[in-house]
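Below is one structure; the comments refer to it alone.
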Amino acid sequence: MTLPAQPAHPLSATIAEELAGWSQVTVDIKWQTNLVFSIANKMFAVISLDETPFEHISFKAGSERFLELTDNDGIIPAPYMARNHWVTVTNPKALSKKALLELLRSSHDQVVAKLPKKIQLQLRA
Numbered sequence: 684m685t686l687p688a689q690p691a692h693p694l695s696a697t698i699a700e701e702l703a704g705w706s707q708v709t710v711d712i713k714w715q716t717n718l719v720f721s722i723a724n725k726m727f728a729v730i731s732l733d734e735t736p737f738e739h740i741s742f743k744a745g746s747e748r749f750l751e752l753t754d755n756d757g758i759i760p761a762p763y764m765a766r767n768h769w770v771t772v773t774n775p776k777a778l779s780k781k782a783l784l785e786l787l788r789s790s791h792d793q794v795v796a797k798l799p800k801k802i803q804l805q806l807r808a
């Protein structure tokens, strides 16, 4: 899938390409400067393109991981979305690429789990 915009930082760009390649994931620009990754029209990750030198990556951490993650330097409660247990990675060294991708997969899976069963079945087909 072609991204509607390309992040400048190598880690953000790699993550964006990876997420865009996941099955059934759609990508679009929202709020002028945010690359939004969704499954069944429900967002699970956001890359803020207007942050420099590293585009911040936000995702649903879940209630069980929220406090653990936000205790790390370079990870903060996501503005406007913290009440839904979203976090924002503000430093590319806060997590390894592998750990970040695992957390993004978990975010994706949490969103899918909240979808109606009919849509979940359609996604698996």
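At position 28 of the sequence shown the residue is numbered 711 (the working numbering), and the sequence of numbers has no breaks. From the three backbone atoms N, C-alpha and C, an ideal C-beta is built for every residue, glycine too. Just so you know, these numbers come straight off a predicted model, no measurement behind them.
### Query
From H768 to K743, what does the alpha carbon distance come to, in whole angstroms?
As a working mapping, residue 768 is identified with position 85 in the sequence shown. As a working mapping, residue 743 is identified with position 60 in the sequence shown. H768 and K743: Cα-Cα distance of roughly 6 Å.
### Query
Mapping DSSP to helix, strand and coil, what is L694?
As a first step, residue 694 is located in the sequence shown; it is residue number 11 there, counting from the start. Note: L694 maps to helix in three-state DSSP.
### Query
Helix, strand or coil for T709 per DSSP?
Against the sequence shown, residue 709 aligns to sequence position 26. In the structure shown, T709 sits in a strand (DSSP, three-state: E or B).
### Query
CA-CA distance, L750 and Y763?
In the sequence shown, counting from the first residue as 1, residue 750 sits at position 67. In the sequence shown, counting from the first residue as 1, residue 763 sits at position 80. Going from the Cα of L750 to the Cα of Y763 covers about 16 Å.
### Message
Based on DSSP bridge pairs, tell me the residues matched to M726.
### Response
Position 43 of the sequence shown holds residue 726. Bridge partners of M726: S721.
### Task
Kindly give me the distance between the Cβ atoms of K781 and G757, rounded to whole angstroms, as I take these residues to be in contact under 8 Å.
Counting from 1 along the sequence shown, the entry for residue 781 is found at position 98. Counting from 1 along the sequence shown, the entry for residue 757 is found at position 74. K781 to G757, Cβ: 16 Å. No contact.
### Whole alpha helix (DSSP H) elements within the region 740-808, 4-residue minimum
746-753, 780-797 and 800-807
### Query
Residues in its own chain within less than 7 Å of E785 by CB, not counting five upstream and five downstream?
Position 102 of the sequence shown, counted from the first residue, corresponds to residue 785. Counting only Cβ-Cβ distances below 7 Å, and skipping sequence neighbours, we find nothing.
### Message
Please report the distance separating the alpha-carbon of S790 from that of G745.
### Response
Here residue 790 corresponds to residue number 107 of the sequence shown, with the count starting at 1. Here residue 745 corresponds to residue number 62 of the sequence shown, with the count starting at 1. Approximately 8 Å, taken between the alpha carbons.
### Task
Rounded to whole angstroms, what's the CA-CA distance from H692 to E738? Just pull it up for me.
Your numbering for residue 692 matches position 9 in the sequence shown. Your numbering for residue 738 matches position 55 in the sequence shown. Their Cα atoms are separated by approximately 7 Å.
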